[in-house]
DNA sequence: GTCTTAAATTGACCCGTATCAAACAACTTC
DNA sequence: GAAGTTGTTTGATACGGGTCAATTTAAGAC
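Residue numbers (full-length UniProt numbering), protein chains in the order written: chain X, 1 to 226; chain F, 1 to 226.
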């Protein structure tokens, strides 16, 4: 289901997104003008691997999972995009085809920006180009982190890392709520859901208490040295 | 060992690099002006994780391996850069610190471009910004490929993939020479050298013959379905 | 060419995690 | 609130690949 224009609340969310927050108002208006919005249920597919794709998607609310399919049908997540993230920037500067499948991991509202317009603006306005450069560098770093984690850490270590990345620095004990389902976290960390579950129970002996989506940390140091 | 200026042959190599080939001569001159060159032996370290780094390195010849260290001292390659590649673009647009260690994987000649200048040029010249955007998108895609491979494919499948990526399309049988040591290939594919060796011997039954650095493929179809 | 050192291979073993199956818990929907 | 659906946990098992050690092979040095 599509609506032609962004509502004012959609607009407000966009303005808060990291990508847009660095840009002058006029640039934002130029980018957003003509954008369309769509709503999606959990498990809806937004686009498929190898599909022609000349749009950038912005997650206004909800969550989008980007994954590739193996020959045998197995899925491997390559990224998970929360509210405010841009999806498909790579594609519009390369061959304008999706490199992976995208699906909503929960009920989501998605804005679509035209790739052609973004390319034009990037070529005309160095502020836009600059913002894109920073975005891509950030994504690059995240991808590097992810690859290194996969190759260096065991499942409990990856989970400990993830938990610590949510720790307000300085505090020794804290708790937070997972921003999505555990199965999504498992995918993001490159694990089967069962392995995530087992990792949590391994971490119990290091002071991690899991109650539903809420995670409580009693001893940060124990986690750090895991 | 450093030389202050690029030789004319260094310059020629730069002009052939994918990044520079899209740029007008004037832009290239502006970027390259003031660059320094250094030569390195195998295993020399170019920079270390978390070091301040406000340069972009260009591999003029040789090979550079980018890797992260685990707590236990294990190394995980995050990228391997052959001649013509740029290293450290992410860093100059983020916090100007290295996100990984870089070491020469064979005797190498490296050019250093100043990050500050590159940033300035990217902000002034949209052609430079454009070239950087395309470069980063390409790197992003490669990183995504790598992550997906790690998560979806077994060791023999990754090796088969690598071999096929060197197959001149259309040909049913062919052979080529590995552009670097097998241990480097192993790291690039996220494998221990032993695992690479075993993968090769598994692929022998699919018509892959390995003689030193030369790889011969007798039956492409068998490889593709592996 | 021979000597020396580094790289690659092979075997034995073990650890980590995927997979399958089943029990359980938590939401929906009516 | 009951019934069905979906998500999570637990156990048993199998497989892939890492690690260590011992050879074999290849590559540099003289």
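The beta-carbon is built from N, C-alpha and C at its ideal position, and this holds for glycine as well.
1) Going by the DSSP bridge assignment, what does residue 79 (chain X) pair with across the sheet?
2) Determine the closest residue to residue 135 (chain X) out of X:8, X:17 and X:12, with distance taken between C-alpha atoms.
3) Counting only Cβ pairs nearer than 8 angstroms, list the residues of chain F close to residue 29 (chain X).
4) Please confirm if residue 55 (chain F) has its CB atom under 9 angstroms from at least one CB of chain X.
5) What is the C-beta distance between residue 14 (chain F) and residue 111 (chain F), in whole angstroms, given that I count them as a contact (C-beta under 8 angstroms)?
6) To the nearest angstrom, how far is the alpha carbon of residue 141 (chain F) from that of residue 198 (chain F)?
7) In its own chain, which residues sit with a C-beta less than 6 angstroms from the C-beta of residue 172 (chain F), not counting the 5 before and 5 after it?
8) Would you say residue 80 (chain F) and residue 66 (chain F) are within 9 angstroms of each other, going by their C-beta atoms?
9) Could you check if residue 158 (chain X) is buried or exposed, using at least 16 other CB atoms within 10 Å of its CB as the buried criterion?
10) Go ahead and pull the three-state DSSP assignment for residue 216 (chain F).
11) Report yes if the C-beta distance between residue 113 (chain X) and residue 184 (chain X) is below 9 angstroms; otherwise report no.
12) Does the region 26-44 of chain F touch the region 114-131 of chain F, meaning 3 or more C-beta pairs lie closer than 8 angstroms?
13) I believe residue 144 (chain F) touches residue 143 (chain X) by the beta-carbon criterion, under 8 angstroms. Please report the beta-carbon distance rounded to the nearest angstrom.
14) Can you give the Cα-Cα distance for residue 181 (chain X) and residue 41 (chain F), rounded to whole angstroms?
15) How is the beta strand (DSSP E) around residue 177 (chain F) delimited, first residue to last?
16) Expressed to the nearest angstrom, what Euclidean distance is found between the alpha-carbon atoms of residue 38 (chain F) and residue 7 (chain F)?
17) Starting from residue 45 (chain F) and walking both ways along the alpha helix (DSSP H), at which residues does that stretch end?
18) For residue 72 (chain F), name the three-state secondary structure that DSSP assigns.
19) Anyone know if the C-beta pair for residue 168 (chain F) and residue 203 (chain F) falls short of 9 angstroms?
20) Does the separation of the CB atoms of residue 177 (chain X) and residue 150 (chain F) fall below 9 angstroms?
On the basis of the data shown:
1) X:66
2) Nearest option by C-alpha distance: X:17.
3) Within 8 angstroms Cβ-Cβ: nothing; residue 29 (chain X) doesn't reach chain F, min ~20 angstroms.
4) no
5) 7 angstroms
6) Taking the Cα positions, residue 141 (chain F) is about 28 angstroms away from residue 198 (chain F).
7) 220
8) yes
9) buried
10) Note: residue 216 (chain F) maps to strand in three-state DSSP.
11) no
12) yes
13) 7 angstroms
14) 49 angstroms
15) Run containing residue 177 (chain F): 174-177, per the beta strand (DSSP E) assignment.
16) 12 angstroms
17) Not the alpha helix (DSSP H): residue 45 (chain F) falls in the beta strand (DSSP E), residues 45-47.
18) coil
19) no
20) No. Outside cutoff.
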